[in-house]
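Residue numbers (this note's numbering), protein chains in the order written: chain Y, 1 to 172; chain X, 1001 to 1180. Just so you know, even glycine gets a beta-carbon here, dropped at the ideal spot from N, CA and C. Computed from a prediction, not measured in an experiment: that's the story for all the values here.
Structure below.
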């Protein structure tokens, strides 16, 4: 990687790190793991930087992050420790919607990594089931089954959801 | 209801992602790339060294020119040695050496002594019937009268003449001896 390519890579990292670190944070559930995951993805992207000269490198970085997270989960990467309380507590909301979101955040952090990965890709990255399957290198049926199990687990983790959600008019 | 639930999930994910602290990973990413290159170079060097350490002696040993492989040479020689030891047992049944011994039946040439042939071929006996001429000799006694005188006059001449002459002449007993 010569000086020009190194400068281009540095510009890309500075401009896209805020968005990429948020995705990494959702995948890992904590800051240090997110930084390590993104750093690994960026290093692998830098190794392929010459081949990505004509293309947008961000989709490649995201795909590397997704697959790296799957690989870590398969290797038994258990550095992640579920937290019972979100890092930042917001003040209680009289309407209860904030409490619902906080409860949902806790439930999301408690999801198993493969299920949380699918939920992040489907609801945060807004990818279709086919795109998620292609990104993770698995079948569409696997994506559907993982998504269904994750939704069931989220519902089961929030038994008060139905009553409060109906009473609040369904506006989060 | 499901759409509202999906919206709740999206809103929760956005808030949760906002907890991530922005950091500058440029220097760390580049440093990891350079460390990876150094590691790959070190691994390549170690691989080359291992290749030299292991592959060169093996190749030299295969070619047979490695002095350090002297320990291998007796191994290779020891293995073939037991093999010929097994062959030593084979020569035992190879007592065929005894067979040629009876083949030395020089006696065969002896029976082949065609000397016996000349014996049956003793045509010498054939001249013996020629001795039958002697029988007429006693007949001389019968013919003592005058006709006998005329006869002996004729017979004695051929008697001595035929008997001794053919005997030595046909007694070519030396001839079969010559054949031997």
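By the C-beta density criterion, residue 128 of chain Y is exposed, having fewer than 16 other C-beta atoms within 10 angstroms. Around the beta carbon of residue 74 of chain Y, fewer than 16 other beta carbons sit within 10 angstroms, so the residue counts as exposed. Interface residue (Cβ-Cβ distance to chain X less than 8 Å): residue 128 of chain Y is not classified as such. Distance from the CA atom of residue 34 of chain Y to the CA atom of residue 1051 of chain X, rounded to whole angstroms, is 40 Å. Between residue 58 of chain Y and residue 37 of chain Y, the beta carbon gap of about 15 Å keeps them out of contact (Cβ cut-off 8 Å).
Excluding five sequence positions before and after residue 149 of chain Y, the CB atoms of its chain that fall closer than 7 Å to its own CB belong to 115, given in chain order. Neighbours of residue 1042 of chain X across chain Y, judged by C-beta separation under 8 Å, do not exist; the nearest C-beta is about 17 Å away.
Here the C-alpha atom of residue 72 of chain Y lies approximately 45 Å from the C-alpha atom of residue 1060 of chain X. For residue 16 of chain Y, there are no C-beta contacts with chain X under 9 Å, since the nearest C-beta of that chain is about 10 Å from it. The three-state secondary structure of residue 159 of chain Y, taken from DSSP, is coil.
Counting the other Cβ atoms within 10 Å of the Cβ of residue 62 of chain Y gives 16 or more, which makes it buried. At a Cβ-Cβ threshold of 8 Å, residue 100 of chain Y and residue 1008 of chain X count as neighbours.
For residue 71 of chain Y, the uninterrupted alpha helix (DSSP H) segment begins and ends at 57 to 74. Interface flag for residue 38 of chain Y against chain X is set, since a Cβ pair is found closer than 8 Å. Looking at the backbone, the Cα of residue 40 of chain Y and that of residue 20 of chain Y are separated by about 12 Å. Residue-level contact check: residue 71 of chain Y does not touch chain X, since none of the beta carbons of chain X fall below 8 Å from its beta carbon.
Any Cβ of chain Y closer than 8 Å to the Cβ of residue 1056 of chain X would place that residue at the interface, and such an atom is absent. The C-beta of residue 123 of chain Y comes closer than 8 Å to at least one C-beta of chain X. Within the region 1016 to 1068 of chain X, there are no complete beta strand (DSSP E) runs of at least 3 residues. Look at residue 51 of chain Y here: in three-state DSSP terms it is coil, with no helix or strand label.
Between the region 137 to 145 of chain Y and the region 1024 to 1033 of chain X, the count of Cβ pairs shorter than 8 Å is below three; the stretches do not touch.
Not one beta carbon of chain Y lies nearer than 8 Å to the beta carbon of residue 1039 of chain X. Taking 8 Å as the cut-off, the Cβ atoms of residue 1021 of chain X and residue 31 of chain Y count as close.
Within the same chain, Cβ atoms closer than 8 Å to the Cβ of residue 52 of chain Y are found at 45, 60, the five residues on either side in sequence being excluded.
Burial check for residue 29 of chain Y: the Cβ neighbour count within 10 Å reaches 16 or more, so the residue is buried.
Scanning Y/112, Y/155, Y/1, Y/137 for the CA closest to the CA of residue 65 of chain Y turns up Y/137.
Residues 150 of the same chain have their beta carbon placed closer than 6 Å to that of residue 119 of chain Y, with the five preceding and five following residues left out of the count.
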